[in-house]
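In the numbering used here, the protein residues as written are 1 to 374.
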């Protein structure tokens with residue numbers, strides 16, 4: 001059998017064996033958690049246990065944890081729900097997830113914040129806006145951009161926003177696999193993330209919000225305290241509850257990324273890294289690169305034919321031929337935008353696999369460049 005090295009963990013992750021085993025053990029617990037008879041007690045307890053596990057994971061109170069259908073749903077519930085319920089001006093990152101950008105399109109009093117060429121928000125720009133805001137400032141940002149790997153200075157952003165009596169929502173889907181979050185220490189007002197980025201099932205997400213924050217429901221009914229109703233996705237919720245118990249941030253390493261980038265910049269010409277080269281400002285598993293003179297999708301396909309799975313960027317934009325909003329916003333040349341691939345490592349790659357990836361990438365880039373010059 002040929003190689004199969006998966007390097008697109010920012011798009012989704014595989015279920016761990018422990019999560020699989022736990023889900024198999026509860027498959028027969030099919031009762032509706034909202035019912036009153038005894039068959040519903042076990043599913044109800046499964047959800048309660050998962051809620052407590054997630055709360056412990058981010059140092060929150062379990063009553064402040066809400067389950068949704070995914071990261072996009074959490075983003076939409078927080079942004080749309082707060083905007084519809086409160087008089088506010090919305091300030092947002094222009095490189096945020098598509099679910100946020102689409103959400104704010106229809107709001108006349110929403111303002112994009114400036115970012116530099118690495119995608120880092122201009123704090124001075126934010127403070128100037130906050131200083132003249134006449135209603136409640138609502139700041140919506142991604143903790144880290146999963147496409148280019150840039151990590152925002154959320155501590156400073158939250159502190160400044162609170163000085164002006166504002167509210168902050170953090171999209172943590174890109175950061176939660178590698179960066180620990182303590183909601184009480186950060187004093188963040190709301191945050192959301194998706195389960196399938198941390199080895200849980202697809203179709204389930206988390207929203208944390210402080211008790212005093214009121215949101216308009218996204219789906220009306222009675223479940224999740226009326227904010228996101230519908231019969232609960234027990235298996236999805238259970239998978240998140242188990243997955244967060246297995247996250248070990250002490251084992252997170254940038255070794256695979258650093259090894260690959262060291263080889264690439266030494267052995268492949270006309271190549272540069274996108275986003276921050278400062279490790280403190282970059283997700284430890286993210287490597288997003290431009291290979292000049294190479295079409296990114298062709299490189300991705302050729303790598304796949306050789307057993308290496310990478311992406312050209314965010315999975316949410318993969319079916320669109322339009323340039324990446326993130327790359328356009330940080331000022332990349334349109335030609336270079338189409339010459340990019342992203343590797344996001346799991347940390348489980350062997351030395352042999354890393355060596356194979358690097359050699360194969362070099363061969364594929366050279367092959368495409370030679371073809372383009374013929």
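Ideal placement from N, C-alpha and C gives every residue a C-beta, glycine not left out.
If you ignore the 5 residues before and after residue 31, its C-beta comes within less than 6 angstroms of the C-beta of 39, 40, 43, all in its own chain and listed in chain order. For residue 216, same chain residues with a beta-carbon under 6 angstroms away, outside a window of 5 residues either side, are 81, 84, 85 in chain order. Close CB contacts of residue 298 within its chain, under the 8 angstroms cut and outside five residues either way in sequence, are with 368 (chain order).
The segment 114–128 makes contact with the segment 148–158, as at least three CB pairs between them are under 8 angstroms.
By the neighbour-count definition (other C-beta atoms within 10 Å, threshold 16), residue 140 is a buried residue. With a beta-carbon spacing of about 6 angstroms, residue 275 and residue 288 fall inside the 8 angstroms limit used to define contacts. The DSSP-derived three-state label of residue 332 is coil. Around residue 47, the same chain offers 33, 232, 234, 237 as residues with beta carbons nearer than 7 angstroms, after the five sequence neighbours per side are excluded. In this structure, the alpha-carbon of residue 206 lies about 9 angstroms from that of residue 240.
Within the segment 47–90, the complete beta strand (DSSP E) runs of at least 3 residues fall at 65–68. By the Cβ criterion, the segment 241–249 is not in contact with the segment 332–348, since fewer than three pairs of Cβ atoms, one from each stretch, lie closer than 8 angstroms. Going by DSSP, residue 119 is part of no beta strand (DSSP E) at all; its letter is neither H nor E. Here the segment 253–271 makes contact with the segment 357–364; the two share three or more CB pairs at distances below 8 angstroms. For residue 363, the closest alpha carbon among the candidates 103, 350, 305 is that of 305. Assignment of residue 94 by DSSP, reduced to helix, strand and coil, places it in the coil class.
For residue 171, the enclosing beta strand (DSSP E) stretches over residues 167–171. When the alpha-carbon of residue 265 is set against those of 252, 291, 278, the nearest one is in 291. The beta carbon of residue 185 lies closer than 8 angstroms to those of 59 in the same chain, with the five residues before and after it left out. Using a 10 angstroms sphere on the CB of residue 294, the tally of other CB atoms reaches 16 or more, which defines it as buried. Here DSSP, grouped into helix, strand and coil, assigns residue 288 to strand.
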